[in-house]
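2 protein chains.
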Amino acid sequence: MPPRLSQEVRTWLYFHRVMAAISQRLNAQLATYSLTPAQFDVLAQLFRTPGLVQQALADRLLVSKGNIVGLLNRMEQAGLVTRQPHPEDGRAHLVSLTAHGTTLATQVVPEHEALIAECLAVLSPEDGHNLHDLLRRFKHALRTA
Amino acid sequence: MPPRLSQEVRTWLYFHRVMAAISQRLNAQLATYSLTPAQFDVLAQLFRTPGLVQQALADRLLVSKGNIVGLLNRMEQAGLVTRQPHPEDGRAHLVSLTAHGTTLATQVVPEHEALIAECLAVLSPEDGHNLHDLLRRFKHALRTA
DNA sequence: TAAATATAGTTTAAGTGTATACTATCCGTG
DNA sequence: CACGGATAGTATACACTTAAACTATATTTA
Numbered sequence: 702m703p704p705r706l707s708q709e710v711r712t713w714l715y716f717h718r719v720m721a722a723i724s725q726r727l728n729a730q731l732a733t734y735s736l737t738p739a740q741f742d743v744l745a746q747l748f749r750t751p752g753l754v755q756q757a758l759a760d761r762l763l764v765s766k767g768n769i770v771g772l773l774n775r776m777e778q779a780g781l782v783t784r785q786p787h788p789e790d791g792r793a794h795l796v797s798l799t800a801h802g803t804t805l806a807t808q809v810v811p812e813h814e815a816l817i818a819e820c821l822a823v824l825s826p827e828d829g830h831n832l833h834d835l836l837r838r839f840k841h842a843l844r845t846a
Numbered sequence: 702m703p704p705r706l707s708q709e710v711r712t713w714l715y716f717h718r719v720m721a722a723i724s725q726r727l728n729a730q731l732a733t734y735s736l737t738p739a740q741f742d743v744l745a746q747l748f749r750t751p752g753l754v755q756q757a758l759a760d761r762l763l764v765s766k767g768n769i770v771g772l773l774n775r776m777e778q779a780g781l782v783t784r785q786p787h788p789e790d791g792r793a794h795l796v797s798l799t800a801h802g803t804t805l806a807t808q809v810v811p812e813h814e815a816l817i818a819e820c821l822a823v824l825s826p827e828d829g830h831n832l833h834d835l836l837r838r839f840k841h842a843l844r845t846a
């Protein structure tokens, strides 16, 4: 018989379950726009912060720069983004949303954020605030640790 | 200028940051045993619940059955698991840990759980308990919603 | 019993992700 | 100016993941 899991391990499992449940809802919504989660992340980041270089995009999305290459290739193919040479740095490319990408982002980003709010609304406002506060401090404590 | 993100969206971003920070530590530990996170999940599940069928493994790990196939192929190649025909169901395979897999799990699973506890220990015991309680209720609320 | 349906596992195609090595460009210092 | 190290992007190999189509076996039901 396996021993009962510790509180810490159960917390970590809950973490996965909660993220999986929310991600499933979010991804289903994105799928109606033929967007993958990774592509949405790029879209939303460029929507909020136009004109980023690929490395900056990778840093903000917590992925490797090599990952960004294929992602942008597919999104360029889909007509969502364009790459332009950086005016001051011959190595870099400025990534921008196309008109189509901007139009899509204008619709999808607010819907996505609304669905996030809806998922978090299964908690009471107090619980929601406490969770926000706990995770904010958790993130900070992990960075300094 | 992009508008300030809502509390809900920031909570969701914190979820990702915390998950990423902890996963990075856990994955680094697993890498010292040449284990990927996915392979560790299979190893730990079979360690706790020996003799599962592939579909049961997929259900418990929240992945598709097709995913399990390639995962087990690689782990079989590495000598960690074996597939045997199910005695009562001609379609199914019983998956078991080899002696090598069991030995590895005996060492890695406790270390992995200790590292999880260490990561969660950056929070105070009260915060840790509150987070556990919040996530447990969050998970339950998402399931019924 | 025979046919319809469901389930276990596999395969394939496509996307995601990393690490690593490579090219091109930039920048600091001698 | 030249060289040497950092940085931006790309290419490659490998692992992970899903959805969908497929095969084989089991189960239900007419």
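From first to last, the protein sequence lines are chains F and X.
With my numbering applied, the first sequence closes on residue 846, and no number is skipped along the way.
With my numbering applied, the second sequence closes on residue 846, and no number is skipped along the way.
Think of the CB as a built atom: it goes at the ideal place given N, C-alpha and C, for glycine as much as any other residue.
Small disclaimer: the values here were computed from a predicted structure and weren't measured.
In the three-state reduction of the DSSP assignment, V782 of chain X falls in the strand class, which pools E and B.
Taking every protein chain shown into account, the CB of H813 of chain F has 16 or more other CB atoms within 10 angstroms, so this residue is buried.
Straight through space, the alpha carbons of V743 of chain F and L758 of chain F are spaced by roughly 7 Å. Against N831 of chain F, the close residues of chain X are N831, L835, in the order they occur along the chain (beta-carbon pairs closer than 8 Å). In this structure, H801 of chain X sits away from L795 of chain X, with a CB-CB distance that is not shorter than 8 Å.
A Cβ of chain X is located within less than 8 Å of the beta carbon of E709 of chain F. Put simply, of F:R726, F:L736, F:R749 the residue whose alpha carbon is nearest the alpha carbon of L772 of chain F is F:L736.
Under the Cβ distance rule, T737 of chain X does not count among the residues neighbouring chain F, no pair being separated by less than 8 Å. The criterion of a C-beta distance shorter than 8 Å is satisfied by V782 of chain X and S797 of chain X. Within the region 800-820 of chain X, contact with chain F at the beta-carbon level (separation under 8 Å) is assigned to E814, I817, A818, C820. Distance from the CA atom of A815 of chain X to the CA atom of A822 of chain F, rounded to whole angstroms, is 33 Å.
Ranked by Cα distance from N774 of chain X, the options X:Q808, X:D790, X:A739, X:L805 are led by X:A739.
DSSP places L753 of chain X within a strand segment (E or B) once states are collapsed to three. In the three-state reduction of the DSSP assignment, H801 of chain F falls in the helix class, which pools H, G and I. Remark: fewer than three beta-carbon pairs, one from each stretch, lie closer than 8 Å, so the region 828-841 of chain F and the region 801-811 of chain F are not flagged as touching. For a Cβ distance threshold of 8 Å, residue set Y715, R718, V719, A722 of chain F lies close to K840 of chain X, ordered along the chain. Contacts with chain F (Cβ-Cβ distance below 7 Å) from the region 762-791 of chain X involve L763, listed in chain order. For S707 of chain F, no alpha helix (DSSP H) encloses it, and the DSSP letter there is neither H nor E. DSSP, reduced to helix, strand and coil, places L843 of chain X within a helical segment of the structure shown. With respect to the 8 Å criterion, F716 of chain X and M720 of chain F are classified as neighbours on the basis of their beta carbons.
In the three-state scheme derived from DSSP, where H, G and I count as helix and E and B as strand, L762 of chain F is classed as helix. Buried is the label assigned to E709 of chain F, since at least 16 other Cβ atoms lie within 10 Å of its Cβ. Comparing C-alpha distances from R749 of chain F to each of F:C820, F:A806, F:D828 shows the shortest one belongs to F:A806. CA-CA distance, L731 of chain F to L714 of chain F, rounds to 25 Å. For L824 of chain F, the chain X residues whose C-beta falls within less than 8 Å of its own C-beta are L835, R838, F839, A842, listed in chain order. Rounded to the nearest angstrom, the gap between the Cα atoms of L843 of chain F and G767 of chain X is 35 Å. A direct Cα-Cα distance of roughly 44 Å separates H830 of chain F from R792 of chain F. The residues L753, L758, R761, L762, in chain order, have a CB closer than 8 Å to that of Q746 of chain X in the same chain once the five nearest residues on each side in sequence are set aside. Nearest in C-alpha terms to L824 of chain F, of all of X:P811, X:V810, X:A846, is X:A846. Considering only X:P826, X:I817, X:E827, X:S707, the residue with the shortest C-alpha distance to A729 of chain X is X:I817.
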